[in-house]
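Please read the structure below before turning to the comments.
2 protein chains.
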Amino acid sequence: MAVTYREIKADILGRITRGDWKPGSLIPGELELAETYGAARATVNRAMRELAEDGIIERKRKSGSRVRLSPLRQARFDIPIVRREIEEQGAAYRYALVQSELVAAPDWVRARMGLAPGGKVRHLVCLHFADGAPYQHEDRWINLSVLPQARDADFATAGPNEWLVAQIPFSEAEISIAATAADAALSEHLACALGDPLLQIERSTRWKGQAVTFVRLVHHRGHRMTARY
Amino acid sequence: MAVTYREIKADILGRITRGDWKPGSLIPGELELAETYGAARATVNRAMRELAEDGIIERKRKSGSRVRLSPLRQARFDIPIVRREIEEQGAAYRYALVQSELVAAPDWVRARMGLAPGGKVRHLVCLHFADGAPYQHEDRWINLSVLPQARDADFATAGPNEWLVAQIPFSEAEISIAATAADAALSEHLACALGDPLLQIERSTRWKGQAVTFVRLVHHRGHRMTARY
DNA sequence: TAGTGGTCTAGACCACAGG
DNA sequence: CTGTGGTCTAGACCACTAC
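The listed protein sequences correspond, in order, to chains G and V.
Just so you know, UniProt numbering puts 142 at position 142 of the first sequence, and the rest follows in order with no gaps.
Just so you know, UniProt numbering puts 143 at position 143 of the second sequence, and the rest follows in order with no gaps.
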């Protein structure tokens with residue numbers, strides 16, 4: 001076979017890192033590159049497209065492709081289901097339902113989910129353990145007007161996350177990460193001191209424009225999220 | 001033009017979310033889909049490839065493409081340079097160098113960077129302000145055996161991050177996020193109370209297998225990282 | 001061994017944006 | 001108007017892997 005798009009991509013990346021093509025400078029057009037590498041334009045196109053997706057170069061019609069002045073850095077974090085996350089670490093997973101109620105959504109939840117006043121939600125508080133030690137505290141709100149079947153679902157044995165994935169496998173979400181201090185409930189559930197710094201992930205999920213669920217996940221003290229890029 | 005790969009991708013995604021093709025089930029092969037949509041196989045291929053990249057489906061030669069049982073959730077966070085991050089919020093950026101020294105790397109830094117004993121590093125402590133308020137505390141270590149020019153560089157007016165991007169524009173990095181408590185120095189620099197929970201990002205950067213720099217970025221109280229997926 | 005995805009080619013037309 | 005990237009096609013061969 002002729003030259004692969006991977007080889008072309010690697011070679012172009014090499015020229016950039018080596019300094020042959022400096023940040024801000026123009027890269028030859030696809031046609032010229034195709035000749036250089038003795039490949040079809042489609043092959044060069046794929047290499048260049050991926051470099052653009054990787055944030056290495058910037059492409060514009062007519063003006064051509066340029067090396068980004070400062071490379072666009074983006075990290076990808078996997079957001080696994082807690083049970084998987086724990087089991088993949090080789091630990092035993094245990095789940096516990098702490099609280100369950102059907103209520104009108106409090107104002108701060110309504111604001112986060114974009115619900116109408118008086119909207120009914122199912123509110124759940126759960127704990128996830130790894131080898132018996134508290135791993136994650138889950139505070140979840142499910143919009144009953146979108147998922148009425150959540151009213152009667154039983155969350156005593158399996159976490160709501162896994163139930164939700166079965167109900168609405170594909171959805172859009174907004175996720176935000178912050179640090180929070182352990183309050184009385186958290187310090188008790190996560191077996192840490194009052195005021196301990198904890199990593200908190202909030203996620204609100206939408207489906208067809210409707211808010212499905214809002215969840216606040218607080219991890220045990222010392223938890224890290226890691227990624228490479 | 002005939003059917004676009006975007007239309008095909010959207011249609012397939014629709015069938016999946018609509019439940020026509022359930023999680024775990026087999027999707028028709030590329031050839032069959034190409035006939036169905038009246039498109040070339042390459043077009044269908046691109047649609048399917050992107051669905052696989054998005055974590056919606058799983059592809060295997062010979063056995064075909066399946067809808068993922070639980071969709072692979074991954075969030076992409078942009079990791080901008082602090083100055084940009086602040087200016088894009090419409091705030092005025094200010095930078096201050098707090099401390100600068102040339103030292104042998106302490107053990108914990110050597111461990112993180114994978115340096116040999118006695119390795120010299122440049123250690124910098126900096127502050128980044130948004131509209132006069134402390135925004136981020138930066139504790140940085142630069143490997144002088146890889147970047148000897150860091151010995152004499154002047155970090156009084158511009159942050160080391162921007163200097164580094166100019167020196168080594170493209171590199172690999174490992175990033176980890178955690179919550180930490182404000183110690184005496186942090187509480188003073190970030191104008192918060194002792195023990196306040198703060199979001200901490202650690203990043204170690206490599207270039208050609210060599211550790212270039214390790215940095216610990218601690219954000220002001222209440223900072224959030226946000227992403228959609 | 002056969003079926004499915006992975007990739008390349010050569011050619012074509014289109015869309016956008018600089019001049 | 002013109003150049004560059006964006007995309008589609010029809011056909012081909014290859015690579016992996018289940019059977």
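Glycine is no exception: its CB is placed at the ideal position from the N, C-alpha and C atoms.
Owing to the predicted nature of the structure, the values given are computational and were not obtained by experimental measurement.
Annotation: Cβ neighbours of Ile81/G in chain V (cutoff 9 Å, chain order): Ser70, Arg73.
In terms of Cα proximity to Leu190/V, the closest of His123/V, Lys22/V, Ile168/V, Glu138/V is Glu138/V.
Around Thr180/G, the beta-carbon contacts reaching into chain V at under 9 Å are Ala179, Pro197.
Pro134/G sits buried, since 16 or more C-beta atoms from the chains shown fall within 10 Å of its C-beta.
By the C-beta criterion, the region 193 to 200 of chain G is judged to be in contact with the region 172 to 180 of chain G, since at least 3 inter-stretch pairs fall below 8 Å. Check the Cα spacing between Leu115/V and each of Arg122/V, Trp163/V, His123/V, Ala105/V: the tightest is with Ala105/V. Residues of chain G whose Cβ lies closer than 8 Å to the Cβ of Asp78/V are, in chain order, Leu72, Arg73, Gln74. For Met225/G, the nearest beta carbon of chain V is closer than 9 Å to its own beta carbon. Going by C-alpha positions, Arg112/V is about 22 Å away from Trp163/V.
Comparing alpha carbon positions, the residue from Ala96/G, Trp141/G, Ala75/G closest to Asp107/G is Trp141/G. Assignment of Ile56/G by DSSP, reduced to helix, strand and coil, places it in the coil class. Neighbours of Ser176/G in chain V, taken as residues whose beta carbon is under 7 Å from its own, are Arg224, Met225, Thr226 in chain order. Counted as a single uninterrupted DSSP element, the beta strand (DSSP E) harbouring Leu97/V occupies residues 93 to 104. Chain-ordered listing is empty here: chain G has no CB closer than 9 Å to the CB of Glu88/V, the nearest sitting near 13 Å. Contact between Arg68/G and Ile81/G fails: their C-beta atoms lie close to 35 Å from each other, not under 8 Å. Apart from the 5 residues on each side of it in sequence, Leu147/G sits with its Cβ closer than 7 Å to the Cβ of Gln167, Val212 in its chain, given in chain order.
Nearest to Glu30/G by C-alpha distance, out of Tyr37/G, Asp20/G, Gln210/G, Arg41/G, is Arg41/G. Where Thr36/G is concerned, the enclosing alpha helix (DSSP H) starts and stops at 30 to 37. As computed with DSSP, Asn143/G is found in a beta bridge with Val121/G. Contacts with chain V at 9 Å (Cβ-Cβ) include Ile56/G. Contacts with chain V at 9 Å (Cβ-Cβ) include Val165/G.
Within the same chain, Cβ atoms closer than 6 Å to the Cβ of Leu33/G are found at Val44, the five residues on either side in sequence being excluded.
Scanning its chain for C-beta atoms nearer than 7 Å, with the 5 sequence neighbours on each side dropped, one finds around Phe214/V the residues Val109, Arg112, Met113, Trp141, Ser204, in chain order. For the pair Ile86/V and Ala227/G, the CB atoms are not nearer than the 9 Å cut-off. Any Cβ of chain G closer than 9 Å to the Cβ of Ile16/V would place that residue at the interface, and such an atom is present.
For chain G, none of the residues of the region 142 to 159 of chain V brings a beta carbon within less than 9 Å of one of its beta carbons.
Our two residues, Ala184/V and Asp152/V, have alpha carbons roughly 30 Å apart in a direct line. Assignment of alpha helix (DSSP H) within the region 151 to 209 of chain V, counting only whole runs of 4 or more residues, yields 160 to 167, 184 to 189 in chain order. Your pair Met48/G and Ser65/G checks out as a contact, with CB atoms roughly 6 Å apart and the cut at 8 Å.
In the three-state reduction of the DSSP assignment, Arg228/G falls in the strand class. Listed by position along chain V, the residues whose Cβ is nearer than 8 Å to that of Pro117/G form an empty set, because the closest Cβ is around 26 Å away. Val212/V carries a strand assignment under DSSP once its states are collapsed to helix, strand and coil. Neighbours of Pro23/V in chain G, taken as residues whose beta carbon is under 7 Å from its own, are Pro169 in chain order. When DSSP states are grouped into helix, strand and coil, Gly14/V belongs to the helix group. According to the DSSP assignment, Ala111/V belongs to the alpha helix (DSSP H) that extends over 107 to 113.
Cβ neighbours of Ala156/V within its own chain (closer than 7 Å, five residues either side excluded): Leu97.
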